[in-house]
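In full-length UniProt numbering, the protein residues as written are 1 to 619.
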């Protein structure tokens with residue numbers, strides 16, 4: 001009897017040790033250009049088992065790592081048809097466990113999906129702070145941090161349903177593209193609302209909703225002819241990520257000996273990626289250091305890590321029906337690894353767009369990271385990254401409208417001087433330009449709620465080359481001081497929660513001041529939608545005089561598409577002699593001014609008020 005009990009217990013333990021706990025990607029698609037698919041199979045001591053697939057699936061390779069809880073099974077999908085195939089794990093002739101794996105049909109022309117471009121205006125939101133459409137998911141049993149709207153750095157309850165509920169507001173405003181900070185699971189104990197410490201790359205955080213809700217968000221955007229950008233974080237994951245807690249092998253992360261859990265903070269010196277004089281010590285300290293204690297740095301020189309990230313990005317593009325990806329902390333990634341990642345994703349979707357967060361403050365440093373950069377070519381490097389962020393323009397916006405131009409410096413001359421460096425970029429249309437985002441002081445905080453300065457700044461970014469991005473709430477004058485904590489620049493949008501005193505999503509719910517901000521923003525954004533000269537045209541600008549900056553956006557092959565912009569950043573009303581700008585006016589003598597709706601005779605002089613801008617469609 002004792003021997004029988006022992007045999008039964010051994011059999012139970014043997015089966016339990018081979019159970020499949022996770023499979024990633026959880027499904028795939030047929031008809032992909034990259035036909036090799038590496039499937040991660042996870043379970044206790046699963047590497048002792050032999051994988052087999054039903055049907056005609058060919059297993060090309062099986063990789064076992066130093067951790068016996070993993071099998072990496074590479075299959076060939078080239079000849080597959082849509083359907084469910086079964087993955088068996090066997091020990092000898094006995095099947096220990098199985099998993100039904102679905103290969104789906106792709107959407108029609110999925111590979112030709114068109115990404116966002118300079119005809120778009122991006123609306124950036126922090127989902128936890130935008131709107132709470134489903135209070136029942138504010139806290140969930142499976143997530144650690146519970147909702148606490150009284151805590152500046154806590155979970156406030158915003159979710160995907162809240163975004164969907166207010167898409168008509170964003171559409172009315174005139175934005176064409178939504179970018180949300182990460183919506184995937186971030187299950188850290190505290191400060192998890194920002195989402196940049198991902199705990200599961202294949203799962204939407206249940207406090208935001210479900211994977212199905214994420215796909216629904218894209219569908220609702222597309223119904224409104226709008227686009228959807230996903231925030232993607234390859235450089236670091238959250239320390240609570242299930243894979244980090246049980247690494248396939250130690251070299252999946254940059255593990256620093258002597259540091260707790262392998263931690264060593266990055267030195268954040270991004271220039272070491274290309275500085276010919278940089279020490280290897282500093283370069284490694286930036287690229288391999290952890291962004292924060294709860295964010296282990298992924299080792300993207302490990303081909304398995306890159307392959308995992310490539311497949312994850314493709315999986316979200318297909319399942320979420322995406323129009324773009326924004327990559328967090330781009331220059332902190334392994335340079336060669338992230339280049340392989342972006343190259344492979346763009347090969348699968350040649351008309352797609354990916355933008356990298358290049359949070360640097362010199363034009364040449366940012367130009368280095370754009371695809372086909374002549375700056376990068378000096379070192380034989382091509383990032384293949386289509387879109388970079390023009391942070392130096394943001395840097396000067398905080399000064400331009402707060403100071404006078406003196407002796408060819410200061411004021412709007414800063415913008416003129418900044419644009420003289422555009423020759424460094426291979427594609428100036430693929431530059432993200434902005435007044436602010438979730439990491440810096442709100443623009444209206446910098447302008448001390450001066451509506452005139454906001455109007456000047458908005459006029460500038462909506463008429464310059466590049467892809468404009470606005471930050472939720474700026475369009476109603478929201479304030480935020482980073483010195484008081486990140487939560488202050490990520491305040492809840494008024495009206496997004498039941499019981500809010502004001503509802504700024506509606507004209508009646510906004511204050512008089514909020515409506516002034518909103519109405520101006522709405523007019524310019526909706527006007528911009530139909531102006532190809534602003535989307536893709538060339539720029540002709542004239543050196544500022546008396547803090548007045550005049551520039552033209554035009555299409556060389558369509559002279560009727562010409563826009564003239566006049567910015568008076570001085571504290572005085574001024575008269576402008578237009579004869580100086582005849583090169584840009586090309587014989588036009590009339591202009592329709594967008595904000596006022598007035599017709600102007602553009603003969604010799606025009607008047608412009610202090611701290612104001614004029615946008616003319618020339619006729």
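Glycine residues also receive a C-beta, built at the ideal position from the N, C-alpha and C atoms.
Tell me the residue span of the alpha helix (DSSP H) that contains residue i.
i           : result
residue 469 : Element bounds for residue 469: not the alpha helix (DSSP H) but the beta strand (DSSP E), 467-471.
residue 365 : 363-367
residue 173 : 167-173
residue 392 : 391-400
residue 513 : 512-528
residue 440 : From DSSP, residue 440 is part of no alpha helix (DSSP H); its letter is neither H nor E.
residue 42  : Counting along the chain, residue 42 falls outside any alpha helix (DSSP H), though it belongs to the beta strand (DSSP E) covering 36-42.
Between the C-alpha atoms of residue i and residue j, what's the straight-line distance to the nearest angstrom?
i           : j           : result
residue 418 : residue 592 : 28 Å
residue 451 : residue 106 : 48 Å
residue 14  : residue 87  : At residue 14 the pLDDT is 39, less than 50, meaning the model places this residue with poor confidence; the figure from the coordinates comes in the next sentence. Going by the C-alpha atoms only, they are around 19 Å apart.
residue 144 : residue 91  : 38 Å
residue 207 : residue 319 : 20 Å
residue 344 : residue 283 : 25 Å
residue 557 : residue 530 : 17 Å
residue 100 : residue 84  : 6 Å
residue 509 : residue 476 : 11 Å
residue 467 : residue 528 : 11 Å
residue 554 : residue 413 : 21 Å
residue 237 : residue 29  : 26 Å
residue 619 : residue 338 : 47 Å
residue 281 : residue 314 : 34 Å
residue 377 : residue 425 : 12 Å
residue 565 : residue 594 : 10 Å
residue 147 : residue 394 : 33 Å
For residue i, which of helix, strand or coil comes out of DSSP?
i           : result
residue 319 : helix
residue 242 : helix
residue 464 : coil
residue 20  : coil
residue 325 : strand
residue 189 : coil
residue 254 : coil
residue 222 : helix
residue 459 : helix
residue 147 : strand
residue 341 : helix
residue 30  : coil
residue 194 : coil
residue 275 : coil
Among the candidates the options, whose CA atom is the shortest distance from the CA of residue i?
i           : options            : result
residue 159 : 179, 183, 121      : 183
residue 586 : 615, 572, 540      : 540
residue 544 : 416, 535, 435      : 416
residue 32  : 65, 47, 82         : 82
residue 196 : 180, 169, 211      : 180
residue 463 : 537, 496, 486, 412 : 537
residue 438 : 235, 480, 69       : 480
residue 471 : 453, 483, 165, 491 : 491
residue 383 : 342, 141, 395      : 342
residue 430 : 367, 377, 192, 155 : 367
residue 38  : 559, 303, 328      : 303
residue 290 : 447, 281, 268      : 268
residue 89  : 140, 70, 225       : 70
residue 388 : 118, 299, 139      : 118
residue 474 : 80, 122, 292       : 122
According to DSSP, what are the bridge partners of residue i?
i           : result
residue 631 : Here the chain comprises residues numbered 1 to 619, so residue 631 is not present and cannot be evaluated.
residue 290 : 265
residue 98  : 88
residue 231 : 326
residue 200 : 185
residue 178 : 123, 228
residue 574 : 608
residue 52  : 88
residue 622 : Lying before the first or after the last residue shown, residue 622 is absent from the chain, which here runs from 1 to 619.
residue 155 : 147
residue 297 : 236
Tell me where the beta strand (DSSP E) around residue i begins and ends.
i           : result
residue 482 : Element bounds for residue 482: n/a, residue is neither H nor E.
residue 122 : 122-125
residue 553 : 548-555
residue 543 : 538-545
residue 591 : 590-593
residue 58  : 58-63
residue 356 : 354-356
residue 73  : 70-76
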